[in-house]
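Enquirer: So the sequence lines, in the order shown, correspond to chains A and B.
Under my numbering, read the first sequence as residues 6 to 174, first letter to last.
Under my numbering, read the second sequence as residues 6 to 174, first letter to last.
Here it is, the structure in full.
There are 2 protein chains.
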Amino acid sequence: MERKKFENSPCSIARSLDVLGDWWNPLILRECLYGNTRFDELQFWLDISRNILTRRLAVLVDAGLLDKVAYQTRPKRFEYLLTDKGHDACVVLLALMPFGERWYFKNGQHPIELRDRKTGALVTPEIIDSNTGKRLDSRDLIPCPGPGFRAPKAIMKRRFSEFYSETTK
Amino acid sequence: MERKKFENSPCSIARSLDVLGDWWNPLILRECLYGNTRFDELQFWLDISRNILTRRLAVLVDAGLLDKVAYQTRPKRFEYLLTDKGHDACVVLLALMPFGERWYFKNGQHPIELRDRKTGALVTPEIIDSNTGKRLDSRDLIPCPGPGFRAPKAIMKRRFSEFYSETTK
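Right, dumping it as structure tokens:
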């Protein structure tokens with residue numbers, strides 16, 4: 006069964022998940038961030054079939070997250086390097102770490118850490134509101150239509166009922 | 006085909022994706038954040054079959070991200086409310102917004118905005134290093150084994166080759 010595609014969805018979460026939500030893809034990006042960029046390395050560490058890996062890599066190259074680059078000519082062998090977009094996606098994956106550590110690992114028993122390449126200092130991802138610097142808490146937020154949301158007013162009022170009820174109080 | 010499970014993986018990204026990476030699940034959470042928490046509302050806005058929605062909701066309740074709560078008794082009807090863990094997961098989904106807006110929408114044409122419930126001010130998710138306050142850039146990072154990573158030294162050196170080559174320089 007072909008899964009539903011979200012590439013035309015009016016939602017930046019849905020469009021991002023079109024590629025990132027395909028469970029193997031984020032793990033392939035993670036592996037590339039670890040520096041395991043060659044086909045055989047990816048296959049070994051992810052314990053994934055060569056067929057599936059080949060297809061997923063093609064999707065990630067096609068989506069502009071990885072560049073396929075030859076590192077050897079005879080025989081020809083490729084590695085997969087993160088593009089700017091791929092690095093942007095990795096940052097979102099790294100933002101998953103505190104969630105995963107909090108809910109799936111005992112305190113202090115997290116398996117992976119991040120260090121600054123230059124200083125060696127520990128790096129801890131955190132999601133904030135860039136306007137206030139405060140940690141983001143979804144309880145404090147109301148989603149509302151942005152400039153690119155195209156729908157009749159009646160639909161928007163129904164979809165974002167909380168926003169419209171707040172603003173018409 | 007049953008997909009591979011990551012619940013025992015030594016990686017907080019992989020364990021998080023076990024639930025979050027199942028493309029419908031994040032969109033169900035998004036919808037609950039919009040305030041569309043009842044079965045029929047979810048089904049309408051997501052345009053998902055009742056069967057699939059029923060199964061996904063059971064997974065999300067089982068994973069502790071949603072609470073199933075009766076809002077009416079005759080006939081019995083349920084809504085699905087975000088738990089603390091569900092709100093934590095929503096924050097990570099919201100962290101996808103800048104990525105999606107940057108790569109999948111024209112500048113200024115983002116479909117959704119977030120506003121602070123109390124002040125009405127715009128809220129913009131950003132991923133930073135909580136130790137320095139600087140925007141996270143995966144190019145500057147080296148992943149390395151944390152206290153919970155259990156593997157022989159030889160494996161760790163191979164898996165985190167960049168980290169070990171940097172630290173033994």
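A virtual CB, placed ideally from N, CA and C, is assigned to each residue, including glycine.
Are there any heavy atoms of the ligand GDP lying less than 7 Å away from the beta-carbon of proline 103 of chain B, as far as the coordinates show?
Expert: This structure simply doesn't include the ligand GDP, nor any ligand for that matter.
Enquirer: Count the other CB atoms, across all protein chains shown, that sit within 10 Å of the CB of alanine 19 of chain A; report buried if there are 16 or more and exposed otherwise.
Expert: Sequence index remark: in the first sequence, residue 19 of chain A carries index 14 (1-based). Alanine 19 of chain A comes out buried.
Enquirer: Answer yes or no: does any C-beta atom of chain B fall closer than 8 Å to that of isoleucine 160 of chain A?
Expert: To locate residue 160 of chain A, count along the first sequence from 1; it is residue 155. Not an interface residue.
Enquirer: Given a threshold of 16 other Cβ atoms within 10 Å of its Cβ, counted over all protein chains shown, does asparagine 56 of chain B qualify as buried or as exposed?
Expert: Here residue 56 of chain B refers to the residue found at position 51 of the second sequence. Flag for asparagine 56 of chain B reads exposed.
Enquirer: Roughly how many whole angstroms lie between the Cα atoms of glutamate 7 of chain A and phenylalanine 154 of chain B?
Expert: Counting from one through the first sequence, the residue named residue 7 of chain A turns up at place 2. Counting from one through the second sequence, the residue named residue 154 of chain B turns up at place 149. With a pLDDT of 48 at glutamate 7 of chain A, under the threshold of 50, the modelled position of that residue is not reliable, and the figure given next carries that caveat. Cα to Cα, glutamate 7 of chain A sits roughly 36 Å from phenylalanine 154 of chain B.
Enquirer: Can the beta-carbon of cysteine 95 of chain A be found closer than 8 Å to that of serine 143 of chain B?
Expert: Your numbering for residue 95 of chain A matches position 90 in the first sequence. Your numbering for residue 143 of chain B matches position 138 in the second sequence. Result yes, Cβ atoms of cysteine 95 of chain A and serine 143 of chain B sit closer than 8 Å.
Enquirer: Under 8 Å, Cβ to Cβ, is there at least one residue of chain B near threonine 78 of chain A?
Expert: As a first step, residue 78 of chain A must be located in the first sequence, where it is residue number 73. No, because no Cβ of chain B sits closer than 8 Å to the Cβ of threonine 78 of chain A.
Enquirer: Would you verify that the beta carbon of asparagine 112 of chain A is, or is not, closer than 8 Å to some beta carbon of chain B?
Expert: Counting from 1 along the first sequence, the entry for residue 112 of chain A is found at position 107. Answer no: the Cβ-Cβ gap between asparagine 112 of chain A and chain B never drops below 8 Å.
Enquirer: Which ranges does the beta strand (DSSP E) cover as unbroken runs of at least 3 residues, wholly within the region 72 to 121 of chain B, from first to last along the chain?
Expert: 82 to 87 and 117 to 121
Enquirer: How big is the Cα-Cα spacing for serine 54 of chain B and glutamine 48 of chain B?
Expert: Mapped onto the second sequence, residue 54 of chain B falls at position 49. Mapped onto the second sequence, residue 48 of chain B falls at position 43. Roughly 7 Å separates the two Cα atoms.
Enquirer: Flag lysine 174 of chain B as yes if its beta-carbon sits less than 8 Å from any beta-carbon of chain A, otherwise no.
Expert: Here residue 174 of chain B is taken as the residue at index 169 of the second sequence, counted from 1. The predicted position of lysine 174 of chain B is uncertain, since its pLDDT is 46 and thus under 50; no value can be drawn from it.
Enquirer: For arginine 122 of chain B, tell me which candidate among A:Asp72, A:Asp45, A:Trp108 and A:Ile147 has the shortest Cα-Cα distance.
Expert: Numbered from 1 along the second sequence, position 117 holds the residue referred to as residue 122 of chain B. It is A:Ile147.
Enquirer: Against threonine 129 of chain A, what residues of chain B qualify as contacts under a CB-to-CB distance less than 8 Å, listed in chain order?
Expert: For the purposes of this step, residue 129 of chain A is identified with residue 124 of the first sequence, where counting begins at 1. The contacting residues are Asp134, Ser135 and Asn136.
Enquirer: Keeping to the same chain, check which residues put their C-beta closer than 7 Å to that of phenylalanine 98 of chain B; ignore five residues upstream and five downstream.
Expert: Working through the second sequence from its first residue, we reach residue 98 of chain B at position 93. The question names phenylalanine, but residue 98 of chain B is leucine in the sequence shown. Result list for leucine 98 of chain B: Pro31, Leu34 and Arg35, in chain order.
Enquirer: Tell me the residue span of the alpha helix (DSSP H) that contains aspartate 145 of chain B.
Expert: Numbered from its first residue, the second sequence carries residue 145 of chain B at position 140. First-last for aspartate 145 of chain B: undefined, no H or E at that position.
Enquirer: May I ask you to report which of helix, strand or coil DSSP gives arginine 43 of chain A?
Expert: The count along the first sequence starts at 1 and reaches residue 43 of chain A at position 38. In the three-state DSSP reduction, arginine 43 of chain A falls in the strand class (E or B).
Enquirer: How about isoleucine 133 of chain B and isoleucine 133 of chain A: do their beta carbons lie closer than 8 Å?
Expert: Counting from 1 along the second sequence, the entry for residue 133 of chain B is found at position 128. Counting from 1 along the first sequence, the entry for residue 133 of chain A is found at position 128. Their beta carbons are under 8 Å apart, which means isoleucine 133 of chain B touches isoleucine 133 of chain A by this criterion.
Enquirer: Strictly under 8 Å for the Cβ-Cβ distance: is arginine 122 of chain B near chain A by that measure?
Expert: Sequence index remark: in the second sequence, residue 122 of chain B carries index 117 (1-based). By this cut-off, arginine 122 of chain B is an interface position.
Enquirer: Output yes if chain B places a C-beta closer than 8 Å to the C-beta of leucine 182 of chain A; else output no.
Expert: The requested residue 182 of chain A is not part of the displayed model; chain A covers only 6 to 174.
Enquirer: Ignore the nearest five residues each way along the sequence and tell me which others in asparagine 41 of chain A's own chain have a CB closer than 7 Å to its CB.
Expert: What you label residue 41 of chain A is simply residue 36 of the first sequence in a count that begins at 1. Leu47 and Trp50.
Enquirer: Answer yes or no: does any C-beta atom of chain B fall closer than 8 Å to that of phenylalanine 4 of chain A?
Expert: Residue 4 of chain A lies beyond the stretch modelled for chain A, which goes from 6 to 174, so this question has no answer here.
Enquirer: Determine, for serine 143 of chain B, whether the minimum Cβ-Cβ distance to residues of chain A falls below 8 Å.
Expert: Sequence index remark: in the second sequence, residue 143 of chain B carries index 138 (1-based). In terms of beta-carbon proximity, serine 143 of chain B lines the interface with chain A, with at least one pair separated by less than 8 Å.
Enquirer: I believe cysteine 149 of chain B touches leucine 87 of chain B by the beta-carbon criterion, under 8 Å. Please report the beta-carbon distance rounded to the nearest angstrom.
Expert: Stepping through the second sequence from its first residue, residue 149 of chain B is reached at position 144. Stepping through the second sequence from its first residue, residue 87 of chain B is reached at position 82. About 33 Å; that fails the 8 Å criterion.
Enquirer: Indicate the three-state DSSP secondary structure (helix, strand or coil) for leucine 25 of chain B in the structure shown.
Expert: As a first step, residue 25 of chain B is located in the second sequence; it is residue number 20 there, counting from the start. Here leucine 25 of chain B sits in helix by DSSP.
Enquirer: Which residue's Cα is closest to the Cα of leucine 62 of chain A: A:Lys81, A:Gln77 and A:Leu25?
Expert: Taking the first sequence and counting its residues from 1, one reaches residue 62 of chain A at position 57. Closest option to leucine 62 of chain A, Cα to Cα, is A:Leu25.
Enquirer: Kindly indicate if chain A contains any beta-carbon less than 8 Å away from that of proline 157 of chain B.
Expert: Walking along the second sequence from the start, residue 157 of chain B turns up at place 152. Not an interface residue.
Enquirer: Any beta-carbon of chain B closer than 8 Å to the one on phenylalanine 165 of chain A?
Expert: Reading the first sequence from its first residue, position 160 is the one you call residue 165 of chain A. Cβ-Cβ to chain B under 8 Å: yes for phenylalanine 165 of chain A.
Enquirer: Is isoleucine 133 of chain A helix, strand or coil by DSSP?
Expert: By one-based count along the first sequence, residue 133 of chain A stands at place 128. The three-state secondary structure of isoleucine 133 of chain A, taken from DSSP, is strand.
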